[in-house]
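Shown next, in structure tokens, is the structure this report addresses.
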Amino acid sequence: MAAASRVFAFRDARWAPDPVLEPSAAVRTPQPVPLVIDNGSFQTRAGWASADPAVPAEPLLRFRSLAARSRGARGGAGAETQVGNDLGSPEPLRWLLRSPFDRNVPVQLELQELLLDHVFQRLGVASQGCVDHPIVLTEAVCNPLYSRQMMSELLFECYQVPKVSYGVDSLYSFYHNKRQKWPCSGLVISSGYQCTHILPVLEGRLDAKNCKRINLGGCQAAVYLQRLLQLKYPGHFAAITLSRMEEILHEHSYIAEDYIEELQKWRSPEYYENNMHKMQLPFSNKLLGSTLTSEEKQERRQQQLRRLQELNARRREEKLQLDQERLDRLLYVQELLEDGQMDQFHKALVELNMDSAEELQSYINKLSLSVEQTKQKILQAEVNIEVDVVDSKPETPDLDPLGSEQSLEDVESINEFEPLFAEEQPEVEKPVAAVQPVFNLAEYHQLFLGTERIRAPEIVFQPSLIGEDQAGIAETMQYVLERYPKEQQAILVQNVFLTGGNTMYPGLKARVQKELLEMRPFQSSFQVHVLT
Amino acid sequence: MNENKFLNTDSSTGSVETTVKPLPFKDPNFIHSGIGGAAAGKKNRTWKNLKQILASERALPWQLNDPSYFSIDAPPSFKPAKKYSDISGLPANYTDPQSKLRFSTIEEFAYIRMLPSDVVTGYLALRKATSIVS
């Protein structure tokens, strides 16, 4: 039974910077053409709204609504602000990234100004002192008055825009994507980056009193997924980044039609093996300390041993020299005594801190003995070094190669007892261990995605998964529908329209249909539309 | 007529020493009123965040049924929440009394008992089930 689970790699794509576009002449003649800006908390998209075929009827600019102000190294003077796709990759600057949005409302209008600057500059707005074109801008549902005031101030006073029209992005989508047979009324479910809206539209007009907003969207799903994986793989904390989470959500997640049933399927090990996705994190083969093969390790140990031995030999020679000098001085003093120069002798004794001639004599004896021993040791060490070079057996593993605190005696004792340690060599050699980690390394750097594939998108249906006490999409839909009389409920349910970035999961349409089936009266009809 | 100044692309050497060149379509003397500027002095440098904006909006004279940003919030759920295991996400019938984590199988229980305490707090925080008094 071969494991059918596949290994996927993260793309970790970098963003290409936006070029400065040259608009065709049609945007300015006969009249300046409206500029459409979809100002979203996830992405900002901008383009021209012109009937002329030379002007493409789609967004020319598409970038994440992020800006980063990196402090220049030259004392603040070189501070650069990068907007949108100029950032390249969001991960290195993750903590510097700022967005003008707080949930789905722009509050930091300085950053909004930066984003608009970027849009106007890259679209090639050529006018001096003002932006000539009327602007169509998207805003949140029931945008707070303060925020609209600030936005209008920015547009009218800073950019001198002639006309502005605000609209709700999901309603634009509803209006644009309406097919011939669809009615003009319907229930729009718009799930974005930060929140999800349920908007009833009657006869083409939004019924604002009965709209509802759930404060969960793609951003919360990404953060939830990130925390789940970080808790499951604490060793890869830093590698589990938000951009990679977004990649997983976009490509490997789906919404289960029946959540409980789907989870029961995941209980069985076979299903798990077949459907688990393994995400491969990038890794390098170098681990600390085990890059060396066993021969290289032996080489290293021998080198260090040799160095230690040389150090010891040098110390011994210095000691020998010092002792020799001292011995000479003492002998000289003794000669003073023998020569009969008592005064000088006594003075010298006092200098040396000694009391009598006998003490001097004993001192001399001791010193000469130690000098002899040192000379012996030096000779012996030289002999041993030669033996080492010829012998070159692997050293004992007890020797810590980095331990320079080895005392002289230990090193020498190891040299002397080398024949004894020779027997322990073969058992302690570990060439096998060097082979195994290479195989496990790739697996160690893999993230296994099992139920996480359905848990993360499920939070808009069951906010209790993250501890939010708001109702999920299904319950909120029911709540909104119940505020209408039965006839209008039936009308609304005939055209349930799903839109927004967070609705692009496979399996969402089936799920919404199942929820509607559960909440609508027996044998009543409904229609769900999703743009494919 | 076409007096576009190319900011970041080719004048990278020039803009290092000088300040950013003003964009042609902007009014260079514009100051946001929201940030205070000279009138409010040094206190109100920062923007209001969403909570403050909504708090001051609540104070305006709304009618009962007027839609506003905060009246659109979805109501809390009436149905009891289903319990899922913190580790695997499967439906969980059992809770560990020591760490308050939910689990569904014996292997998960063994795994939970071996977790370090920061991972345990992490799982509880994910569910917003951390206790205020530790």
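For the protein sequence lines, the chains are A and B, in the order given.
Going from the first sequence to our numbering is simple: count from 1 and add 1105.
Mapping of the second sequence onto our numbering: position 118 corresponds to residue 99, and the numbering continues sequentially without gaps.
Backbone N, C-alpha and C fix where the C-beta goes; we use that ideal spot for every residue, glycine too.
* Cross-strand partners of T76(B) (DSSP beta bridge) -> Per DSSP, the beta-bridge partners of T76(B) are R83(B).
* Where do the ends of the alpha helix (DSSP H) carrying A1595(A) lie? -> Membership of A1595(A) in the alpha helix (DSSP H) is indicated by the continuous run 1591 to 1598.
* Could you tell me whether the Cβ of A55(B) comes closer than 8 Å to any Cβ of chain A? => Closer than 8 Å to some Cβ of chain A, the Cβ of A55(B) qualifies, so yes.
* When the cut-off is 8 Å and only beta carbons count, does G1322(A) lie next to chain B? -> Under the Cβ criterion of 8 Å, G1322(A) is not counted among the residues facing chain B.
* Asked: Taking 8 Å as the CB-CB cut-off, is G1181(A) touching chain B?
  -> Bear in mind that a pLDDT of 47 at G1181(A), under 50, signals an unreliable position, so the model cannot answer this.
* Asked: Between which two residues does the beta strand (DSSP E) carrying E1587(A) extend?
  -> Per DSSP, E1587(A) is not a residue of any beta strand (DSSP E), being assigned neither H nor E.
* To do: Quick one: residues in its chain with C-beta nearer than 6 Å to the C-beta of L1307(A), no 5 flanking neighbours on either side, listed in chain order?
  => So the list reads S1290, once near-sequence residues are dropped.
* What residues match up with Q1187(A) in a beta bridge as DSSP calls it? -> A1173(A), per the DSSP bridge assignment.
* To do: Could you name the residues of the same chain whose beta carbon sits closer than 8 Å to that of F51(B), not counting the 5 residues immediately before and after it, in chain order?
  => Spatial neighbours of F51(B) in its own chain (CB-CB distance under 8 Å, excluding positions within 5 residues in sequence) are listed in chain order as L35, E38, R39.
* To do: Kindly indicate if chain A contains any beta-carbon less than 8 Å away from that of W28(B).
  => Closer than 8 Å: yes.
* Asked: Quick one: what's got a C-beta closer than 7 Å to R1421(A)'s C-beta in the same chain, skipping five residues either side?
  -> Excluding residues within five positions, the ones whose Cβ falls inside 7 Å are T1479, K1482, I1483.
* Under 8 Å Cβ-Cβ, which residues of chain B neighbour P1305(A)? -> By Cβ distance, chain B contributes nothing, its closest Cβ being about 12 Å from P1305(A), past 8 Å.
* To do: Please check if any C-beta of chain A sits within less than 8 Å of the C-beta of L82(B).
  => Proximity of L82(B) to chain A, defined by a Cβ-Cβ separation below 8 Å, is not satisfied.
* Asked: Does DSSP put R1616(A) in a helix, a strand or coil?
  -> The answer is helix: DSSP assigns R1616(A) an H, G or I state.
* Asked: By DSSP, does Q1567(A) sit in helix, in strand, or in coil?
  -> In the structure shown, Q1567(A) sits in coil (DSSP, three-state: anything other than H, G, I, E or B).
* What residues in the segment 1260 to 1278 of chain A bring their beta carbon closer than 7 Å to a beta carbon of chain B? -> Listed in chain order, the positions of the segment 1260 to 1278 of chain A with a beta carbon within less than 7 Å of a beta carbon of chain B are E1262, C1263, Y1264, Q1265.
* Asked: Just the Cα atoms here: how many angstroms apart are D1117(A) and S1348(A)?
  -> Their Cα atoms are separated by approximately 7 Å.
* Start-to-end residues for the beta strand (DSSP E) that takes in L1140(A) -> First-last of the beta strand (DSSP E) with L1140(A): 1140 to 1144.
* Asked: How is D1433(A) classed by DSSP in three states: helix, strand or coil?
  -> Helix, per DSSP.
* Along the chain, where does the alpha helix (DSSP H) that runs through M1255(A) open and close? -> Counting along the chain, the alpha helix (DSSP H) containing M1255(A) begins and ends at 1250 to 1258.
* To do: Flag this pair as yes or no: are the beta carbons of Y75(B) and R83(B) separated by less than 8 Å?
  => The answer is yes: Cβ separation under 8 Å.
* **Beta-carbon proximity check, I1571(A) vs L105(B), cutoff 8 Å** => Taking C-beta atoms as the reference points, I1571(A) and L105(B) fail to come closer than 8 Å.
* Under 8 Å between C-beta atoms, does I93(B) make it to chain A? -> It does not: the Cβ of I93(B) has no partner Cβ on chain A nearer than 8 Å.
* **Close beta carbons around V1266(A), own chain, < 6 Å, minus the five adjacent residues each side** => Excluding residues up to 5 positions away in sequence, V1236, I1240, L1260 lie with their Cβ nearer than 6 Å to the Cβ of V1266(A) in the same chain.
* On a CA-only basis, which of K60(B), S85(B), S80(B), A110(B) is nearest L71(B)? Give me that one, please. => Per the Cα distances, S85(B).
* Tell me whether E89(B) is buried or exposed, calling it buried when 16 or more other Cβ atoms sit within 10 Å of its Cβ. => It counts as buried.
* Tell me the DSSP bridge mates of P1305(A)? -> Looking at the DSSP assignment, P1305(A) forms a beta bridge with L1292(A).
* Min CB distance Y119(B) to chain A below 8 Å -> Residue 119(B) lies beyond the stretch modelled for chain B, which goes from -18 to 115, so this question has no answer here.
* Burial state of A1561(A), where buried means 16 or more other Cβ atoms lie within 10 Å -> Here A1561(A) is buried, its C-beta having at least 16 other C-beta atoms within 10 Å.
* For chain A, is any of its Cβ atoms less than 8 Å away from the one on S58(B)? -> With a threshold of 8 Å between beta carbons, S58(B) makes contact with chain A.
* From the beta carbon of G1193(A), is the nearest beta carbon of chain B less than 8 Å away? -> Chain B, which has no Cβ nearer than 8 Å to the Cβ of G1193(A), makes this no.
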